[in-house]
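Participant:
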Amino acid sequence: MGAVNFPKAFEKRVQEDLFLGQPLLDALDSTAPVSVRLHPSKTKPELDFLSEIPWCENGFYLKERPSFTLDPLFHAGCYYPQEAGSMVLDTILRQIPISEEPIVLDLCAAPGGKSTLIASFLDGKGLLVSNEVIQPRSRILKENLAKWGYSNVVVTNNDPKDFERLPDFFDVAVIDAPCSGEGMFRKDPESRNEWSEDNVQLCAARQKRILADVWDTIKSGGYVIYSTCTFNSLENEENVDFAINELGAELISIDLPRPIRMGRNGSGHYCIPGETEAEGFFVAVLKKRDGEIGKLKYETKKDVKQLTGNAMKDLKLEEFMDTAHHDFFQWNDSILAFPSAVSQQMQHVLSKLRIVKAGTIVADIQRKGINPHHELALHNNLCTYSKRIELEKDQALQYLHGDTFSLSGEHGWQLITYQNQALGWIKHLGNRFNNLYPKEWRIRMRV
Ligand code: SAM
3 MGAVNFPKAF
13 EKRVQEDLFL
23 GQPLLDALDS
33 TAPVSVRLHP
43 SKTKPELDFL
53 SEIPWCENGF
63 YLKERPSFTL
73 DPLFHAGCYY
83 PQEAGSMVLD
93 TILRQIPISE
103 EPIVLDLCAA
113 PGGKSTLIAS
123 FLDGKGLLVS
133 NEVIQPRSRI
143 LKENLAKWGY
153 SNVVVTNNDP
163 KDFERLPDFF
173 DVAVIDAPCS
183 GEGMFRKDPE
193 SRNEWSEDNV
203 QLCAARQKRI
213 LADVWDTIKS
223 GGYVIYSTCT
233 FNSLENEENV
243 DFAINELGAE
253 LISIDLPRPI
263 RMGRNGSGHY
273 CIPGETEAEG
283 FFVAVLKKRD
293 GEIGKLKYET
303 KKDVKQLTGN
313 AMKDLKLEEF
323 MDTAHHDFFQ
333 WNDSILAFPS
343 AVSQQMQHVL
353 SKLRIVKAGT
363 IVADIQRKGI
373 NPHHELALHN
383 NLCTYSKRIE
393 LEKDQALQYL
403 HGDTFSLSGE
413 HGWQLITYQN
423 QALGWIKHLG
433 NRFNNLYPKE
443 WRIRMRV
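Numbered by the working numbering, the letters in the sequence shown go through residues 3 to 449 in order.
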């Protein structure tokens, strides 16, 4: 028995459900596994690995939960602690037939578990629009995606309805819908107190609204990956039926390794604690039927100006980065890098939605030149700056805490690294330095 009891109505429903039954309740009172997903190209952390997660490249179970905060590589975006069930998305993305440069929407994206997975899958190709409707949560999403370090990402803060401004735009939409959260009853026992039958009904209605609101933003022939972390059919199989019957979706079959099992009536797939080493997770893949795709006319945002010719030369960005394969834009005092292959699509998104982060901010414009930006430091391959100072773990944690300490090195900009992985910038002044690690990212606990 866990410290918090199950809500009575939930317990009764699960016991009476032939699909679930008492074994699920017993599993929800056992210990949750710990898992992480590694960044595909950053430094591999020294964690206590137990085994690989069979349905996700770079996904690993750990023997126990370490203090992630006290590992500088966590702050450098070298890995993301993520529940193993959610990582099924990796197998799904590899199975659905999509173009080489797909445009992907992650509609309910904060704090960024699925978005960092999608960014790894895309590996710099195509475009990810990562959206979160709740503003404070969109800022956490921005931080996690900045640390993950890809420039083919736009973070937005919009209601699903706003996506009607982008008709026929996305090849894939991931809808990890807000839900009643029954699948989190083990990892977060307190969440049992928030559950009610009324909330299940409310969530199911909201999920239908979300599906309907974004249906037109998906291209004909495109895909919706619908998921929740709950076990009831109202929020899962019945919403798949809604998409099939009311929106004209087609249910796509995906081959997932056992013990992930098919949903009720063969609709979607479940990770069930006790059977699968994961928390509760439901996922179904839907296809929007083929049809005419209207020709898109891309728009631009007036105050975002592309930098070319002399304006580019004057900035001397080459001192800090490889400028090939990107287009550069000035927005207020920031210089943004967008991959050239999707720069038109990114500008179009900027002109239609509320933007939290666009591409990679590579520098801020100052009166006397440019200051390199921390998003550049954390990018997975853009920054080529050669003046670097490698720190030992204790000093790296002090740096991430926002401290200054005595450090030998040349005057000027220096990139701080730990195990060869960039953490951020300092401005060296001789025997001391200005710590430029962003205030809002600093470690708050004593290090
Ligand atoms: N995909 C995220 C991840 O993997 O880290 C987790 C997303 S969580 C299950 C659902 C998200 O939907 C929350 O961030 C929540 O703020 C957001 N949300 C809440 N109400 C919403 C609404 N009406 N429309 C869209 N998203 C909503």
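No residue lacks a Cβ here, since even glycine has one placed at the ideal position from N, Cα and C.
1. Measuring straight from C-alpha to C-alpha, what distance separates residue 380 and residue 342?
2. When you compare only the Cα positions, how much space is there between residue 21 and residue 266?
3. My output table needs one value for residue 82: the three-state DSSP class, helix, strand or coil.
4. Is residue 109 near the ligand SAM, going by C-beta to nearest heavy atom under 7 Å?
5. Can you tell me whether DSSP reads residue 435 as helix, strand or coil?
6. Any heavy atom of the ligand SAM inside 7 Å of the beta-carbon of residue 178?
7. Going by alpha carbons, who is nearest to residue 444 out of 227, 226, 356, 74?
8. Tell me whether residue 87 sits in a helix, a strand or coil according to DSSP, three-state version.
9. May I ask you to verify whether the stretch 120–138 touches the stretch 151–165, counting CB pairs closer than 8 Å and requiring at least 3?
10. Suppose contacts are defined by Cβ-Cβ distances below 8 Å. Is residue 331 in contact with residue 306 by that definition?
11. Looking at the ligand SAM, does it come within less than 7 Å of residue 99, judged from the CB to the closest heavy atom?
12. In its own chain, which residues sit with a C-beta less than 6 Å from the C-beta of residue 63, not counting the 5 before and 5 after it?
13. May I ask you to check if the CB of residue 141 is nearer than 7 Å to at least one heavy atom of the ligand SAM?
14. Which same chain residues, not among the five before or five after residue 4, have their C-beta less than 7 Å away from its C-beta?
15. So the candidates are 142, 390, 149; which of them puts its Cα closest to the Cα of residue 422?
16. Rounded to the nearest angstrom, what separates residue 447 and residue 299 at their Cα positions?
17. Taking Cβ to Cβ, would you say residue 239 is nearer than 8 Å to residue 205?
18. Which residues in the same chain as residue 323 place their Cβ atom closer than 7 Å to its Cβ, once the five residues preceding and following it in sequence are excluded?
19. Quick check: the Cα distance between residue 257 and residue 292, rounded to an integer number of angstroms?
20. Figure out for me which residue from 223, 196, 183 has the closest Cα to the Cα of residue 232.
21. Could you tell me if residue 121 is buried or exposed, where buried requires 16 or more neighbouring beta carbons within 10 angstroms of its beta carbon?
22. Got a sec: does the ligand SAM put a non-hydrogen atom nearer than 7 Å to the Cβ of residue 2?
23. Helix, strand or coil: how does DSSP classify residue 421 here?
24. From the DSSP secondary-structure annotation, give me the bridge partner or partners of residue 415.
25. Classify residue 408: buried if its beta carbon has 16 or more other beta carbons within 10 angstroms, exposed otherwise.
26. Does DSSP put residue 372 in a helix, in a strand, or in coil?
27. According to DSSP, simplified to helix, strand and coil, what is residue 3?
28. Return the first residue and the last residue of the beta strand (DSSP E) that residue 273 is part of.
29. Can you list, in chain order, the stretches of the beta strand (DSSP E) that have 3 or more residues and sit fully within the stretch 111–159?
30. Mind checking which residues open and close the alpha helix (DSSP H) that includes residue 43?
31. Under 8 Å: do the stretch 163–180 and the stretch 202–220 share three or more Cβ pairs, one atom per stretch?
Facilitator: The relevant details are as follows:
1. Taking the first residue of the sequence shown as 1, we reach residue 380 at position 378. Taking the first residue of the sequence shown as 1, we reach residue 342 at position 340. Answer to the nearest angstrom: the Cα atoms are 20 Å apart.
2. On the sequence shown, position 19 is the one that residue 21 refers to. On the sequence shown, position 264 is the one that residue 266 refers to. For residue 21 and residue 266, the distance between alpha carbons rounds to 7 Å.
3. Within the sequence shown, the letter at position 80 stands for residue 82. Strand.
4. For the purposes of this step, residue 109 is taken as the residue at position 107 of the sequence shown. Under cutoff, so the answer is yes.
5. Position 433 of the sequence shown holds residue 435. Note: residue 435 maps to strand in three-state DSSP.
6. Position 176 of the sequence shown holds residue 178. Yes - the ligand SAM has a heavy atom lying nearer than 7 Å to the Cβ of residue 178.
7. Position 442 of the sequence shown, counted from the start, is the residue given in the question as residue 444. Among 227, 226, 356, 74, the Cα nearest to that of residue 444 is on 74.
8. Residue mapping note: residue 87 aligns to position 85 of the sequence shown, counting from 1. Residue 87 falls in the helix class under three-state DSSP.
9. yes
10. Here residue 331 corresponds to residue number 329 of the sequence shown, with the count starting at 1. Here residue 306 corresponds to residue number 304 of the sequence shown, with the count starting at 1. Contact: yes.
11. For the purposes of this step, residue 99 is taken as the residue at position 97 of the sequence shown. Checking the Cβ of residue 99 against the ligand SAM gives no.
12. One-based indexing of the sequence shown puts residue 63 at position 61. Once the five neighbours on either side are set aside, the close Cβ partners of residue 63 are 35, 37, 52, 53.
13. On the sequence shown, position 139 is the one that residue 141 refers to. For the ligand SAM, not one heavy atom lies less than 7 Å from the Cβ of residue 141.
14. Here residue 4 refers to the residue found at position 2 when the sequence shown is read from its first residue. Unreliable positioning characterises residue 4 in this predicted model, as indicated by a pLDDT of 49, which lies under 50. A coordinate reading is not provided.
15. Taking the sequence shown and counting its residues from 1, one reaches residue 422 at position 420. The candidate whose alpha carbon is nearest that of residue 422 is 390.
16. On the sequence shown, residue 447 is found 445 positions in, with the first residue counted as 1. On the sequence shown, residue 299 is found 297 positions in, with the first residue counted as 1. Residue 447 and residue 299: Cα-Cα distance of roughly 50 Å.
17. Here residue 239 refers to the residue found at position 237 of the sequence shown. Here residue 205 refers to the residue found at position 203 of the sequence shown. Contact flag unset, no.
18. Here residue 323 is taken as the residue at index 321 of the sequence shown, counted from 1. Answer for residue 323: 364, 378, 384, 385, 386, listed in chain order.
19. As a first step, residue 257 must be located in the sequence shown, where it is residue number 255. As a first step, residue 292 must be located in the sequence shown, where it is residue number 290. In a straight line, the C-alpha of residue 257 is about 22 Å away from that of residue 292.
20. Here residue 232 refers to the residue found at position 230 of the sequence shown. Among 223, 196, 183, the Cα nearest to that of residue 232 is on 183.
21. The count along the sequence shown starts at 1 and reaches residue 121 at position 119. With 16 or more Cβ atoms within 10 Å of its Cβ, residue 121 is classed as buried.
22. Here the chain covers residues 3 to 449 and nothing more, so residue 2 does not appear.
23. Numbered from 1 along the sequence shown, position 419 holds the residue referred to as residue 421. Coil at residue 421, not helix or strand.
24. Position 413 of the sequence shown, counted from the start, is the residue given in the question as residue 415. BP columns for residue 415 point to 429.
25. The residue given as residue 408 occupies position 406 in the sequence shown. Residue 408 should be labelled exposed.
26. As a working mapping, residue 372 is identified with position 370 in the sequence shown. Strand.
27. Reading the sequence shown from its first residue, position 1 is the one you call residue 3. Unreliable positioning characterises residue 3 in this predicted model, as indicated by a pLDDT of 46, which lies under 50. The coordinate reading is nonetheless provided below. DSSP places residue 3 in coil when its eight states are reduced to three.
28. Along the sequence shown, one-based indexing puts residue 273 at 271. Run containing residue 273: 271–273, per the beta strand (DSSP E) assignment.
29. 129–133, 155–158
30. The residue labelled residue 43 in the question sits at position 41 within the sequence shown. Taken as a continuous stretch (DSSP letters only), residue 43 belongs to no alpha helix (DSSP H), as it is neither H nor E.
31. yes
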